[in-house]
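Asker:
Encoded structure:
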């Protein structure tokens, strides 16, 4: 959200994966699988085995997870359970968008516009139950823990982080922050080829930067648009922030005329708010265990069924095996107290003539030109 | 206003070489009493500490405490331009944008000046409590460097076991395993020159550590004849290199633990 970048710049840090050594992280599986399906492509099509079943998500999941484990991260994948009823509107909207994309795809194919075909095919990408089941099977063979959320995966990720079972929740969806995760990681499962830096967003710093309570942040999120109800028409990030800043809550903001006229006819904001505040999550009582991979099982699944290259699968399995055998690297900050980033007095941006001598020489030459 | 002079450039070179593999850029805190640096590596597993006392410099002046952010790779490049026995003078004005380094040859017949652009670095600072270590191993720093080098050809992780009898370093890898035992020697009268190892111990301690960090720490061996390894359960291991007459470098390394203990 742009508001956060503007108002609480300290809350968002760009980090490398190395920074996360030793961290347990709950990953929202559906956004990750979606990212893999979109990213791992050849000529606009998802990769498939010869019988046509998609493999992009498995390739992405395998290599990205191996990469994380090798670096020393401890990923836990969280899958969506049943969708909340409130999401009906959003889901209907998505269905509408898909239908539109299908039409555009047909049109583009007839016209032979290849770029457009690729674009629309990406829009049509969908994480199906089959894809989820395959992903779970792969994770099990890899020895990576996963859970199925009672309801929304983002909410469960946030709950696990709040309960201290993991250090952070990883999702592309900013809603995860509204569910109260202390730390949100974005772009963790973005493809390495896109070189997107991982963003580490800290809730406490977001709140202190905006001078908001979590309740107010949720209200702002609802105004600007979440999965559960429509956004308020004519209220952008800037005015949305101002409304909550001034009126403290939607109930108060709605009393102003400017705000009220943008409110959609049916706007169950209080129900949406309740979904964030009292999300349906598990008790978060299980401890996660990272196990050694089942190499032969991986070969059976990926090589014999999905037609992966055997050598590459075995080498990925060997990396997992090695990482699982190693002791867990602990971080310095799990022993010593870290005080927040020290703010150094900002120096003037370095100009070309930063050296003192140059500066005086510059002044001298300036005089000359005056003559 | 900062002015500090060291009679031997080699000392500063060695200090920078000892930490630059671990940290790309670091804040140097200059104060009346000397220079301090604290920096963590990218993965927050190792912490480096440097302390240089004002009395170790042939000349030292710092009117107002000042923090200077330096890219260590750039500093290392500039220091390569100094001969080992050149005198080094460091100058920075209050809230300066550059650090000036002056190298003067021992014959006083050659003076070179370099300016290094400074950086703004946001760093987390770490509060390290004083600890009563359960075991302190004192050994030759050259010996330490050699053991690290030898064990790196075997595996990625070293286990350090300190007992009354001595200290054992062991590693295991795909091709086999290896271990080196240094026996505790009674302190001899002239401890400094003796290559012997001493172990002061309250309770036996054992830790597993990533060798790649130890090989970085070993780069401090040219600064000190001896290194002490300080161990305590449930805390990072501290490696201290005392730099004669001026201060010390300390490295803290978080251990690796077995999965079963993880909770």
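Residue numbers (the UniProt record's numbering), protein chains in the order written: chain A, 1 to 371; chain B, 1 to 263. We put the CB at the ideal spot given by N, CA and C, even for glycine.
1. Name the two residues that bound the continuous alpha helix (DSSP H) containing residue 213(B).
2. Please report whether the beta-carbon of residue 256(B) lies at a distance below 8 Å from any beta-carbon of chain A.
3. Buried or exposed for residue 37(A), please, with buried defined as at least 16 other CB atoms from any protein chain shown within 10 angstroms of its CB.
4. Within the region 92 to 162 of chain B, note down every full beta strand (DSSP E) run reaching 3 residues or more, in order along the chain.
5. With DSSP run on the structure shown, which of helix, strand or coil describes residue 248(B)?
6. Classify residue 14(B) as buried or exposed, calling it buried when 16 or more other Cβ atoms lie within 10 Å of its own Cβ.
7. Between residue 209(B) and residue 157(B), which are expected to be in contact by the criterion C-beta below 8 Å, what is the C-beta distance as a whole number of angstroms?
8. Near residue 166(B), what residues of its chain come up, given a Cβ to Cβ distance below 8 Å and the 5 sequence neighbours on each side ignored?
9. Using a 10 Å radius around the Cβ and a threshold of 16 neighbouring Cβ atoms, would you call residue 74(A) buried or exposed?
10. Contact between the region 47 to 64 of chain A and the region 197 to 214 of chain A: three or more CB pairs below 8 Å?
11. Can you tell me which residues form a DSSP beta bridge with residue 67(B)?
12. At which residue ranges does the region 63 to 128 of chain A contain complete beta strand (DSSP E) runs of 3 or more residues, listed in the order of the chain?
13. Starting from the C-beta of residue 343(A), find all residues in its chain whose C-beta is less than 8 Å away, skip the five residues before and the five after it, and write them out in chain order.
14. Determine the closest residue to residue 17(B) out of 249(B), 257(B), 256(B), with distance taken between C-alpha atoms.
15. Closer than 8 Å between beta carbons: that is the criterion. Which residues of the region 146 to 176 of chain A meet it against chain B?
16. Could you spell out the range, first to last residue, of the beta strand (DSSP E) harbouring residue 266(B)?
17. I'd like to know if residue 248(A) contacts chain B, where contact means its C-beta is closer than 8 Å to some C-beta of that chain.
18. What's the gap between the Cα of residue 204(B) and the Cα of residue 136(B)?
19. By Cβ distance below 7 Å, which residues in the same chain neighbour residue 343(B) in space, the five residues on each side in sequence not counted?
20. Taking residue 16(A) as the query, report the chain B residues whose CB atoms sit under 7 Å from its CB, ordered along the chain.
21. May I ask you to report which of helix, strand or coil DSSP gives residue 62(B)?
22. Rounded to the nearest angstrom, what separates residue 241(B) and residue 19(A) at their Cα positions?
23. Secondary structure at residue 286(A), three-state DSSP: helix, strand or coil?
24. Measuring straight from C-alpha to C-alpha, what distance separates residue 37(B) and residue 78(B)?
25. Please list the residues of the region 317 to 339 of chain A that have a C-beta atom closer than 9 Å to any C-beta atom in chain B, keeping them in chain order.
26. Who does residue 199(A) pair with in a DSSP beta bridge?
27. For residue 289(A), does the count of other Cβ atoms within 10 angstroms reach 16, so buried, or fall short, so exposed?
28. For residue 148(B), collect the residues of the same chain with a Cβ closer than 7 Å to its Cβ; drop the 5 residues on either side in sequence, then sort them by chain order.
29. Between residue 189(A) and residue 32(A), how many whole angstroms is the CB-CB distance? I'm expecting something under 8 Å.
30. Would you please verify whether the beta carbon of residue 57(A) is less than 8 Å from any beta carbon of chain B?
31. So, using beta-carbon positions, are residue 45(B) and residue 223(B) closer together than 8 Å?
32. Thinking C-alpha only, which one of 7(B), 246(B), 2(B), 21(B) is nearest residue 29(B)?
33. Secondary structure at residue 137(A), three-state DSSP: helix, strand or coil?
34. Indicate the three-state DSSP secondary structure (helix, strand or coil) for residue 25(A) in the structure shown.
35. Measure the CB-CB distance between residue 273(A) and residue 218(A) and report whether it falls below 8 Å.
36. Please go through the same chain and pick out, in chain order, the residues whose beta-carbon is closer than 6 Å to the beta-carbon of residue 67(B), but skip the five residues on each side of it.
Answerer: To lay it out plainly:
1. 211 to 217
2. yes
3. buried
4. 98 to 104, 111 to 117, 125 to 127, 135 to 140
5. strand
6. buried
7. 7 Å
8. 181, 182, 183, 184, 197, 199
9. buried
10. no
11. 29(B)
12. 74 to 79
13. Annotation note: pLDDT 43 at residue 343(A) (below 50); position unreliable, no value reported.
14. 249(B)
15. none
16. Here chain B comprises residues numbered 1 to 263, so residue 266(B) is not present and cannot be evaluated.
17. no
18. 10 Å
19. Here chain B has residues from 1 to 263 only, and residue 343(B) is not among them.
20. 42
21. strand
22. 27 Å
23. coil
24. 19 Å
25. 322, 324, 326, 327, 328, 329, 330, 331, 332, 333, 334, 335, 336, 337, 338, 339
26. 14(A), 186(A)
27. exposed
28. 211, 214, 215, 218
29. 4 Å
30. no
31. no
32. 2(B)
33. helix
34. strand
35. yes
36. 27, 29
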